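In numbering that gives the first Met the number 0, the protein residues as written are 0 to 232.
Below: the structure, in C-alpha cells.
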Amino acid sequence: MAALVELDRVGVAFRAQRRLGSERYWALEDVSVSLERGHRLGVVGRNGAGKSTLLRLVAGILEPDRGTVRRAPVTCQLLSLTLGFVGHLSGRDNAILSGLLLGLSRRQIEARIEAIREFSELGDFFEQPIASYSSGMVMRLGFSVAIQVEPDVLLIDEVLAVGDAHFQEKSGRALHERLREGCTVVIVSHEESKLADLCDRLLWIEHGRSVMEGPFDEVIAAYHRELHVGEGG
C-alpha cells in the first residue's frame, strides 16, 4: 500500500540564541517514518525529544532542512495546545476557516457547522471570540472540527487529557469510530493507557533521533527499560 506521508531521513534545525550569536541545533535528525491509510502510530520520548516537531513536519507546517517528505494529495490536521485558532474570531468562524484550510468548500463546512457546535458543547460560547476560551474549550472546538471535517491524517499532540471526563469519553468514542473508518492517526501523549487503547504501533524518539519503531508492546517495553536504567534502577 502506498504511503500517505513518508519521511525519509529528515532533519529539522533551529537557531538557539546565545549571548555571542546563534547556534544551530537539530530538533530532528535522520528520522524516517511511513504512514499508510489506517495506520495508528503513537510517539513517545522524553520532553524535548522532538515529538512535536515531528508532528509539525508531517502536517506540512515545517519543511525539513535535510531529507525528503513525500505526501500523497491528502489532508492533515494537527491538534495541539500550542497551535491555536485566530483569537479575535468566534468559534463558528474558526471552525469555518479550519474547514476551508483543509480543502472543504464553504457549502461543505456550513453543512457540518451545526454538528461541530453540538459536539463541542460550547453553547453560546461558540459565537464568542476564542480569545475568551479556556485551553479546554479551545481543544473541544479543535477536536469537534477534526471529527466532523474528517481529515485523512489526524495528528494529536498531548490533547487527549484536555477537558472533563465526559468530553474525554465522548471524544474517545468518536476517535475510535474514525479509526474504524480508516483514518490515519499519529498521537503524541505521556498517557500510555490512551496510546495503548488507540495505537497498534509505536515510535520512540530521543534527542531528535528515532530509537525504535515497531509493535506497541515491544517498543513500550524497551522504552520502560531505558527509563528504569536512566533513573538508576
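We put the CB at the ideal spot given by N, CA and C, even for glycine.
Given the structure is predicted, the values throughout are model-derived calculations rather than measurements.
N-terminal and C-terminal residue of the beta strand (DSSP E) that residue i is part of
| i | result |
| --- | --- |
| Ser209 | 208–214 |
| Leu40 | 39–43 |
| Ile204 | 200–205 |
DSSP-derived helix/strand/coil call for residue i
| i | result |
| --- | --- |
| Val152 | strand |
| Val73 | coil |
| Leu181 | The identity of residue 181 in the sequence shown is Gly, whereas the question assumes Leu. Coil at Gly181, not helix or strand. |
| Gly10 | strand |
| Ser188 | coil |
| Arg266 | This structure does not reach residue 266, given that the chain is present from 0 up to 232, and the question cannot be answered. |
| Leu27 | strand |
| Val261 | It is not possible to answer for residue 261, since the shown part of the chain is limited to 0 through 232. |
| Ala1 | coil |
| Ser134 | helix |
Check whether residue i and residue j have beta carbons under 8 Å apart
| i | j | result |
| --- | --- | --- |
| Leu153 | Met136 | no |
| Gly10 | Gly66 | yes |
| Gly90 | Glu126 | yes |
| Arg208 | Phe166 | no |
| Leu178 | Ala71 | no |
| Gly233 | Arg69 | Residue 233 lies beyond the residue range present for the chain, which begins at 0 and ends at 232; the question has no answer from this structure. |
| Val185 | Val57 | yes |
| Ala26 | Phe13 | yes |
| Ile60 | Leu77 | yes |
| Leu174 | Leu197 | yes |
| Ile219 | Glu191 | yes |
| Leu103 | Val42 | no |
Below-8 Å beta-carbon distance, residue i vs any chain C residue
| i | result |
| --- | --- |
| Arg8 | The displayed structure is made up of one protein chain only, and chain C is not part of it. |
Range covered by the alpha helix (DSSP H) that runs through residue i
| i | result |
| --- | --- |
| Asp196 | 191–197 |
Heavy atom of the ligand NAP within 7 Å of residue i beta-carbon
| i | result |
| --- | --- |
| Asp156 | Absence of the ligand NAP is noted for the structure shown, with no ligands found whatsoever. |
Pairs of beta-carbons, one from the segment 24–32 and one from the segment 48–62, closer than 8 Å: are there three or more? Contact between the segment 24–32 and the segment 48–62 is present: 3 or more CB-CB pairs across the two stretches fall below 8 Å.
The segment 151–162 in contact with the segment 121–131 per 3-pair CB rule at 8 Å: No contact exists between the segment 151–162 and the segment 121–131.
Entirely enclosed beta strand (DSSP E) segments - the segment 44–129, minimum 3 residues: Taken in chain order, the complete beta strand (DSSP E) segments of 3 residues or longer contained in the segment 44–129 are 65–70, 75–79.
Cβ contact (3+ pairs, closer than 8 Å) linking the segment 189–206 and the segment 216–230: Yes, the segment 189–206 is in contact with the segment 216–230.
Are there three or more Cβ pairs, one per stretch, closer than 8 Å when the segment 95–113 is compared with the segment 141–150? At 8 Å Cβ cutoff, the stretches touch.
Would you say the segment 191–201 touches the segment 209–222, given that touching needs at least three Cβ pairs under 8 Å? Touching, yes.
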